[in-house]
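Engineer: Numbering (my numbering), first residue to last: 416 to 1162. Every residue, glycine too, gets a C-beta built ideally from N, C-alpha and C. Please see the structure below; I have some questions.
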């Protein structure tokens, strides 16, 4: 296929995919579950208002939101999913209330009569009582009574009732997480409404709830719908068919690459420009962020076995789980993104051979801006969760409550401005190269497109406001998490690695261009619309589920040939004597192939089909995929890119192979042990519990605090130690390049 046809194909894929993504995004807006003006009992009592629901959502966000349990399956893993927990408690309390209304004790009734009350309870809960004309939801008298009971229950849990201290510890919720009774009242209304969404059938007569019958709980009639089975089966068949087509294409178009390898390192005598040298401080800050993120991860993992302390230290009084987890996730995004942005700033002048005026100043200004955003956003999150900010100020400066974009809106805007500044710096450096009409222009153009996308697509996180409907906010959140992090950063990394190999003389520019363009087309063909697989059960229409299942399956297709890519990279690392200087950056690319296949491929597809995710969304199987894919692929890629930059900044000496080699292997082995020995078995056992007893049970303290689960959590320690030691050695190696202990004899 010619380069021109590939460009046309890429344009067609992107235009059509985004058109569909936006069209059905509009469908999510139109069909979002209603937030009524008020919720009333059948006797006319106003239980709560629509404004209460919106304010309650803000209260939930202020305590950490998706870092304290989850809503609709999205969030953290120690505390329950509040919608599943509320729904099951509501159903049990409803059975008691309905029987009491008839002067009976439900638990004492014979099974035949209990079935009658179960049927009445199901009909009561599943009936969609929203009246569009009056903009109200009506609760039965029994349900209204249960609402007040559950409000009292959650008030005791989230405030400081001594009788709930054990349960708070098991959920890793600090004492007095909410201090204001009015805020507590508001949050219970948000829990009630988000649960109403899970159990109320859509008004279209399909007998399926707004969340596609999620969470599974047979007691209330939430069982998999036909569409889940249909589109799961279709996605698997489509995957198999597309794999066959890709393998056929690869076999028919495979050409043996014959490259006359340079006799010496082509980059050996490249003189770094002032702005390229200024990038070194970015790598230093990445090293610091890695260590802080590692420490936050250790604390967060320990909260799983000691919910309010750290080996007896009452750490939750000033660093609760919701903060440590927020920092752990946010710092991962910060250091990975910073390593990639630093590589871009380094590569710009390296590719063009041009150092624009004031480029170093721009790099330094961006660095200061980065420090301000990182420090300010982490401080704001702490202030928000510790309930030291009002609800509006919390949204602006504190904790937004949404995983991966926890930082307050002001910090979000400042980060976007920083990304735009980074883009300007990149374009200034690349402009002379863009004007040339040589064979590198196609790859360079794709590099620019990926850079523009990195800066622009983060703006999707600004498309929702403080009180935006949760279903709509989730849609835009996944634009950031999926398209920004998993999408265009992937394209950027592919282009950068191709440029590196071409500059080293290991690949021909023409073949690299065709390979990268084709890979980008295949990846984005599934990746853009694959965004929808994250929102199967986030109160979205069935059409979104169908598209998400279909196209997310295509994301797995390119990973089939990942072994060939790994072998190719390994061959390059052995191709010529001087390439040994780049051994560990190339080994990082080989490791990425492994983690892409295992983390994104196997672990990712395991939770991808709708019928699978129906049972295991938000269980530790999600954490398995998240750690293996985010750190295993993007984190190690960031490390590999940093090592390439460091090789260019310290070109004169061989490296301390023992130090960097030990760090590399300990990081990868530690991650593998952590994921497979602890997190994966926990996730599998939770999945079995969810299928057998319901999703609520798989997330409950009753199940998660069993001796077996506690033992499995402690089994994470060996992997954590290996991984942490590897990261410490990596940072020691980076420091040693400056002090000299990481340098050996001259090359």
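Tell me, which residues are paired with residue 1070 by DSSP?
Structural biologist: The residue you call residue 1070 lines up with position 655 of the chain shown. Bridge partners of residue 1070: 1158.
Engineer: Which residue marks the beginning of the beta strand (DSSP E) containing residue 786, and which one marks its end?
Structural biologist: Counting from 1 along the chain shown, the entry for residue 786 is found at position 371. Run containing residue 786: none in the beta strand (DSSP E); it sits in the alpha helix (DSSP H), 774-800.
Engineer: Under the three-state reduction of DSSP, which class applies to residue 433: helix, strand or coil?
Structural biologist: One-based indexing of the chain shown puts residue 433 at position 18. In this structure, residue 433 counts as helix in the three-state DSSP scheme.
Engineer: Are residue 916 and residue 804 closer than 8 Å when you measure CB to CB?
Structural biologist: Here the question's residue 916 lines up with position 501 in the chain shown. Here the question's residue 804 lines up with position 389 in the chain shown. No, these two residues do not count as a Cβ contact at 8 Å.
Engineer: Tell me which residue opens and which closes the beta strand (DSSP E) that residue 463 is part of.
Structural biologist: Locating residue 463 in the chain shown gives position 48, where the first residue counts as 1. Counting along the chain, the beta strand (DSSP E) containing residue 463 begins and ends at 461-464.
Engineer: Name the residue from 883, 824, 1132 and 685 whose alpha carbon lies nearest to the alpha carbon of residue 1060.
Structural biologist: In the chain shown, residue 1060 corresponds to position 645, counting from 1. It is 685.
Engineer: I need the DSSP call for residue 726, collapsed to helix, strand or coil.
Structural biologist: By one-based count along the chain shown, residue 726 stands at place 311. Residue 726 falls in the coil class under three-state DSSP.
Engineer: From residue 1025 to residue 964, what does the alpha carbon distance come to, in whole angstroms?
Structural biologist: Here the question's residue 1025 lines up with position 610 in the chain shown. Here the question's residue 964 lines up with position 549 in the chain shown. Approximately 6 Å between the Cα atoms of the pair.
Engineer: Determine contact between the region 1023-1043 and the region 646-661, defined as no fewer than three beta-carbon pairs at a distance below 8 Å.
Structural biologist: A contact exists between the region 1023-1043 and the region 646-661.
Engineer: Please report the straight-line C-alpha distance between residue 1071 and residue 994, rounded to a whole angstrom.
Structural biologist: For the purposes of this step, residue 1071 is taken as the residue at position 656 of the chain shown. For the purposes of this step, residue 994 is taken as the residue at position 579 of the chain shown. Near 16 Å, if we compare the C-alpha coordinates of residue 994 and residue 1071.
Engineer: Does the structure place the region 1047-1061 close enough to the region 997-1013 that three or more beta carbon pairs sit under 8 Å?
Structural biologist: A contact exists between the region 997-1013 and the region 1047-1061.
Engineer: Select from 659, 442 and 1111 the residue whose C-alpha is nearest the C-alpha of residue 959.
Structural biologist: Counted from its first residue, the chain shown places residue 959 at position 544. With distances taken between Cα atoms, residue 959 lies closest to 442.
Engineer: Of all the options 771, 766 and 811, which has the alpha carbon lying nearest to the alpha carbon of residue 851?
Structural biologist: Your numbering for residue 851 matches position 436 in the chain shown. The shortest Cα separation from residue 851 among 771, 766 and 811 belongs to 766.
Engineer: With burial defined as no fewer than 16 other Cβ atoms inside 10 Å of the residue's Cβ, what is the status of residue 659: buried or exposed?
Structural biologist: Residue mapping note: residue 659 aligns to position 244 of the chain shown, counting from 1. Label assigned to residue 659: exposed.
Engineer: Please report the residue range of the beta strand (DSSP E) in which residue 864 lies.
Structural biologist: In the chain shown, counting from the first residue as 1, residue 864 sits at position 449. Premise fails: residue 864 lies in the alpha helix (DSSP H), 856-872, not in any beta strand (DSSP E).
Engineer: When the Cα of residue 1091 is compared with those of 1063, 1051 and 1037, which residue comes out closest?
Structural biologist: Numbered from 1 along the chain shown, position 676 holds the residue referred to as residue 1091. When only C-alpha atoms are compared, the closest one is 1037.
Engineer: In the DSSP assignment, find the alpha helix (DSSP H) that holds residue 560 and state where it starts and stops.
Structural biologist: Translated into positions along the chain shown, residue 560 becomes position 145. Per DSSP, residue 560 belongs to the alpha helix (DSSP H) from 556-573.
Engineer: Please classify residue 870 as buried or exposed, where buried requires at least 16 other C-beta atoms within 10 Å of its C-beta.
Structural biologist: In the chain shown, residue 870 corresponds to position 455, counting from 1. Its Cβ being crowded by 16 or more others within 10 Å, residue 870 is buried.
Engineer: Checking 8 Å against the spacing of the C-beta atoms, do residue 877 and residue 436 come in under that value?
Structural biologist: By one-based count along the chain shown, residue 877 stands at place 462. By one-based count along the chain shown, residue 436 stands at place 21. No, they are not a contact pair.
Engineer: Please work out which residues of its chain come closer than 6 Å, Cβ to Cβ, to residue 906, disregarding the five sequence neighbours upstream and downstream, and give them in chain order.
Structural biologist: For the purposes of this step, residue 906 is taken as the residue at position 491 of the chain shown. Only 865 and 935 meet the Cβ criterion.
Engineer: DSSP on residue 453, reduced to helix/strand/coil?
Structural biologist: Reading the chain shown from its first residue, position 38 is the one you call residue 453. In the structure shown, residue 453 sits in a strand (DSSP, three-state: E or B).
Engineer: What's the gap between the Cα of residue 622 and the Cα of residue 954?
Structural biologist: Mapped onto the chain shown, residue 622 falls at position 207. Mapped onto the chain shown, residue 954 falls at position 539. Looking at the two C-alpha atoms, the distance is approximately 14 Å.
Engineer: Considering only C-alpha positions, which residue in the set 540, 1079 and 952 is nearest to residue 1141?
Structural biologist: Looking up residue 1141 in the chain shown gives position 726. Checking every option, the nearest Cα to that of residue 1141 belongs to 1079.
Engineer: Is DSSP giving residue 626 helix, strand or coil here?
Structural biologist: Here residue 626 refers to the residue found at position 211 of the chain shown. Three-state DSSP puts residue 626 in coil, outside helix and strand.
Engineer: Please report the distance separating the alpha-carbon of residue 1016 from that of residue 1048.
Structural biologist: Residue numbering aside, residue 1016 sits at position 601 when the chain shown is read from its first letter. Residue numbering aside, residue 1048 sits at position 633 when the chain shown is read from its first letter. Each residue's Cα considered, the two are about 11 Å apart.
Engineer: Pull up the distance between the alpha-carbon of residue 867 and that of residue 773, whole angstroms please.
Structural biologist: Residue numbering aside, residue 867 sits at position 452 when the chain shown is read from its first letter. Residue numbering aside, residue 773 sits at position 358 when the chain shown is read from its first letter. When rounded, the distance between both Cα atoms is 21 Å.
Engineer: Starting from residue 1037, trace the alpha helix (DSSP H) both ways and give me its first and last residue.
Structural biologist: Taking the first residue of the chain shown as 1, we reach residue 1037 at position 622. Element bounds for residue 1037: 1035-1041.
Engineer: Just how far apart, CA to CA, sit residue 476 and residue 453?
Structural biologist: If you number the chain shown from 1, residue 476 lands on position 61. If you number the chain shown from 1, residue 453 lands on position 38. Computed Cα separation, rounded: 22 Å.
Engineer: From the DSSP output, read off the bridge partner residues of residue 551.
Structural biologist: Along the chain shown, read from residue 1 onward, the residue named residue 551 stands at position 136. Note: residue 551 sits in a beta bridge opposite 453 and 546.
Engineer: Is residue 849 closer than 8 Å to residue 913 when the C-beta atoms are compared?
Structural biologist: Locating residue 913 in the chain shown gives position 498, counting from the first residue. Locating residue 849 in the chain shown gives position 434, counting from the first residue. No, the pair does not count as a contact, with Cβ atoms beyond the cut-off.
Engineer: Between the alpha carbons of residue 538 and residue 480, how many angstroms are there, rounded?
Structural biologist: Sequence index remark: in the chain shown, residue 538 carries index 123 (1-based). Sequence index remark: in the chain shown, residue 480 carries index 65 (1-based). When rounded, the distance between both Cα atoms is 31 Å.
Engineer: Quick one: Cα of residue 572 to Cα of residue 584, how far?
Structural biologist: Numbered from 1 along the chain shown, position 157 holds the residue referred to as residue 572. Numbered from 1 along the chain shown, position 169 holds the residue referred to as residue 584. Approximately 10 Å, taken between the alpha carbons.
Engineer: Ordered along the chain, which non-local residues of its own chain (more than five positions away) have a Cβ less than 6 Å from that of residue 896?
Structural biologist: The residue labelled residue 896 in the question sits at position 481 within the chain shown. These residues qualify, in order along the chain: 819.
Engineer: When you compare the CB positions of residue 800 and residue 738, do they come within less than 8 Å of one another, or not?
Structural biologist: Looking up residue 800 in the chain shown gives position 385. Looking up residue 738 in the chain shown gives position 323. In this structure, residue 738 lies closer than 8 Å to residue 800 by Cβ.
Engineer: Could you tell me whether the Cβ atoms of residue 607 and residue 886 are closer together than 8 Å?
Structural biologist: As a working mapping, residue 607 is identified with position 192 in the chain shown. As a working mapping, residue 886 is identified with position 471 in the chain shown. Not closer than 8 Å, so no.
Engineer: Keeping to the same chain, check which residues put their C-beta closer than 7 Å to that of residue 478; ignore five residues upstream and five downstream.
Structural biologist: Within the chain shown, numbered from 1, the residue matching residue 478 stands at position 63. Within the same chain, residue 478 has close Cβ partners 592, 593, 737 and 800.
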